[in-house]
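Counting with the numbering used here, you get residues 26 to 514 for the letters of the sequence shown. Note that beta-carbon positions come from the ideal geometry of N, C-alpha and C, so glycine has one too. Just below is one structure, and these are the notes that go with it.
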Amino acid sequence: MMSSLSPPNSTTGDCLGPAATPRIVLFPSAGMGHLVPFARLAVALSAGNCCDVSLVTALPTVSSAEARHIAALFAAFPAVRRMDLRLAPFDASSEFPGADPFYVRYEALRRSAPLLLGPLLAGASALVADIALASVAVPVARELHVPSYVFFTASATMLSFKAYFPTYIDAHGAGRGVGDVDVPDVYRIPSSSVPQALHDPDNIFTRQFVANGRALVAADGLLVNAFDAMEPEAVASLRGGAVVPGLPPVFAVGPLMPVKLRETGEAAEEQGNHRAWLDAQPPRSVVYVSFGSRKALARDQIRELAAGLEACGHRFLWVVKGAIVDRDDASELSDMLGEGFLRRVEGRGLVTKSWVEQDEVLRHPALGLFVSHCGWNSVTEAAVSGVPVLAWPRFADQRVNARVVARAGLGAWVERWSWEGEEAVVRAEEIAEKVRAAMGDETVAQKAASVREAAARAVAYGGTSHQSLAEFVRRCRGGTAIDVPQEKV
Numbered sequence: 026m027m028s029s030l031s032p033p034n035s036t037t038g039d040c041l042g043p044a045a046t047p048r049i050v051l052f053p054s055a056g057m058g059h060l061v062p063f064a065r066l067a068v069a070l071s072a073g074n075c076c077d078v079s080l081v082t083a084l085p086t087v088s089s090a091e092a093r094h095i096a097a098l099f100a101a102f103p104a105v106r107r108m109d110l111r112l113a114p115f116d117a118s119s120e121f122p123g124a125d126p127f128y129v130r131y132e133a134l135r136r137s138a139p140l141l142l143g144p145l146l147a148g149a150s151a152l153v154a155d156i157a158l159a160s161v162a163v164p165v166a167r168e169l170h171v172p173s174y175v176f177f178t179a180s181a182t183m184l185s186f187k188a189y190f191p192t193y194i195d196a197h198g199a200g201r202g203v204g205d206v207d208v209p210d211v212y213r214i215p216s217s218s219v220p221q222a223l224h225d226p227d228n229i230f231t232r233q234f235v236a237n238g239r240a241l242v243a244a245d246g247l248l249v250n251a252f253d254a255m256e257p258e259a260v261a262s263l264r265g266g267a268v269v270p271g272l273p274p275v276f277a278v279g280p281l282m283p284v285k286l287r288e289t290g291e292a293a294e295e296q297g298n299h300r301a302w303l304d305a306q307p308p309r310s311v312v313y314v315s316f317g318s319r320k321a322l323a324r325d326q327i328r329e330l331a332a333g334l335e336a337c338g339h340r341f342l343w344v345v346k347g348a349i350v351d352r353d354d355a356s357e358l359s360d361m362l363g364e365g366f367l368r369r370v371e372g373r374g375l376v377t378k379s380w381v382e383q384d385e386v387l388r389h390p391a392l393g394l395f396v397s398h399c400g401w402n403s404v405t406e407a408a409v410s411g412v413p414v415l416a417w418p419r420f421a422d423q424r425v426n427a428r429v430v431a432r433a434g435l436g437a438w439v440e441r442w443s444w445e446g447e448e449a450v451v452r453a454e455e456i457a458e459k460v461r462a463a464m465g466d467e468t469v470a471q472k473a474a475s476v477r478e479a480a481a482r483a484v485a486y487g488g489t490s491h492q493s494l495a496e497f498v499r500r501c502r503g504g505t506a507i508d509v510p511q512e513k514v
């Protein structure tokens, strides 16, 4: 295992001695979309800001990818303390039949937290809880007189929507459906972009979402993996009280920078395969295609995407997912992609079902375009690397994130393309056309490079995100608040 040479999002790097070292407990929920930014925050606080950091790890994990990432993190950064939280068995089949397994894990954590979190906070200077656990974790910390912060691992725009959504529900009634949502001083989130689950008031996710949104005002502060220059309206409205009166201080600390974790065994071999392939490709010639770790495309859509990539004429690296939980994915690539596809694209395309270190892929000079579901980790990694995004959101907050991508100039979003729950299938011809257009658009590439430069300024010494993280640490030490400078694009 190895770590990056310089700590991400660091302050001065000068420790002030044991008496000034705050002990911060980080409490993530489930899924790589939550775990990865928590791991990056743990390293930024421990290695770059001289904090005593403990990371609560709920066992067993939902996916194999989570288990591997946790093991690699603690091996590479032994200063980050591991605090295992073994959950009691939770049978959700009768109470939440057919529910998303990750939402079920959120519920298991939420039910365990009031009983198990107390001992983990003994001697803590602060708790940083995942947004999915806010409404149960913040009261426990308050009862124990431990300052509590909520870490929102997605966009500032989505945080503004989440904070405002309970107000919207109270005004419109929970049983009347969700229409367009006008988030004050941000912009209108159309009904078609509202996460699918929220249209069902009885959905397990909706109950969690509303409860956690109401809990934000009770926290001592909110951290978000975003930076001012990419989402200026959302960050300003959150800080200025326009979204919800009484919100605590908002610390935009992103983009939290990736940390180097070395894979072992079969995973390392797979990583080596795609690295060697990328090394052999010309600069900006490869289309990278990945729809994240949480959802799988329908089989007919996978076939159309395969045909579109074959027809687009460009080189491509495609990470295919066949099931929601990786442990359940026993399908063969040849069956998923259609007979003869792998043979026809051999040399020009590389397809894998294995987890890849996406930030490394996006930093590779061969990358020219990222066809992405717009999970927020993917968006921030594209921003850091300056790789243009062709947005194809699939569920949850991803249409909100896709609009952020388009507004910031990081890429393009074809809004009519379907997402989960809609019957339409995006055809191969249109996929090929949009990929070719994006790969040939030099203006898009230049705008994405500008976003990369803005991200670099934000996390550099004195930048807005650097200052925000430093101010959060200062508060954990019991120091005096400072003004956080605002950065403009």
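- Using a Cβ distance threshold of 8 Å, Val450 and Asp325 count as a contacting pair.
- Among the bridge pairs identified by DSSP, Glu371 is matched with Gly374.
- The beta carbon of Ala267 sits closer than 6 Å to the beta carbons of Pro209 and Asp210 from its chain, once the five residues preceding and following it are set aside; these are given in chain order.
- Of all alpha-carbon atoms in Ser180, Glu258, Leu152 and Met464, the one lying nearest the alpha-carbon of Gly246 is that of Leu152.
- For Ala483, the enclosing alpha helix (DSSP H) covers residues Glu467 to Val484.
- Thr86 is not a Cβ neighbour of Arg107, given a cutoff of 8 Å.
- Look at Leu494 here: in three-state DSSP terms it is helix.
- Inclusion of Pro62 and Leu286 in the CB contact set at 8 Å is not warranted, their separation being larger than that value.
- Ser185 and Arg373 have their C-alpha atoms roughly 42 Å apart.
- For Val469, the closest alpha carbon among the candidates Glu458, His491 and Val430 is that of Val430.
- When the alpha-carbon of Ala90 is set against those of Gly58, Pro103, Val105 and Ser118, the nearest one is in Gly58.
- Within the same chain, and ignoring the five residues on either side of Ala64 in sequence, the residues whose Cβ sits closer than 6 Å to its Cβ are Leu98.
- If you check the CB distance, Leu358 and Ile456 do not come in under 8 Å.
- DSSP lists Phe176 as the beta-bridge partner residues of Asp155.
- Counting the other CB atoms within 10 Å of its CB gives Ala45 a total below 16, which places it among the exposed residues.
- Non-local C-beta neighbours of Pro139 in its own chain, meaning closer than 8 Å and more than five positions away in sequence, comprise Val161, Pro164 and Val165, ordered along the chain.
- Here the alpha carbon of Gly434 sits roughly 20 Å from the alpha carbon of Asp384.
- Taken through DSSP and simplified to helix, strand or coil, Ala336 comes out as helix.
- Residues Gly363 of the same chain have their beta carbon placed closer than 6 Å to that of Arg328, with the five preceding and five following residues left out of the count.
- With a threshold of 16 other beta carbon atoms within 10 Å, Asp253 meets it and is buried.
- The alpha carbon of Pro390 has as its nearest neighbour, out of Asp422, Ser410, Gly123 and Gly487, the alpha carbon of Ser410.
- In the DSSP secondary-structure assignment, Gly436 is bridged to Val414.
- If you compare the alpha carbons of Ser118, Glu406, Ala154 and Ala259 with that of Val425, the shortest gap goes to Ala259.
- DSSP lists Val50 and Arg106 as the beta-bridge partner residues of Ser79.
- Pro47 and Val498 do touch by the CB rule: their CB atoms are close to 7 Å apart, below 8 Å.
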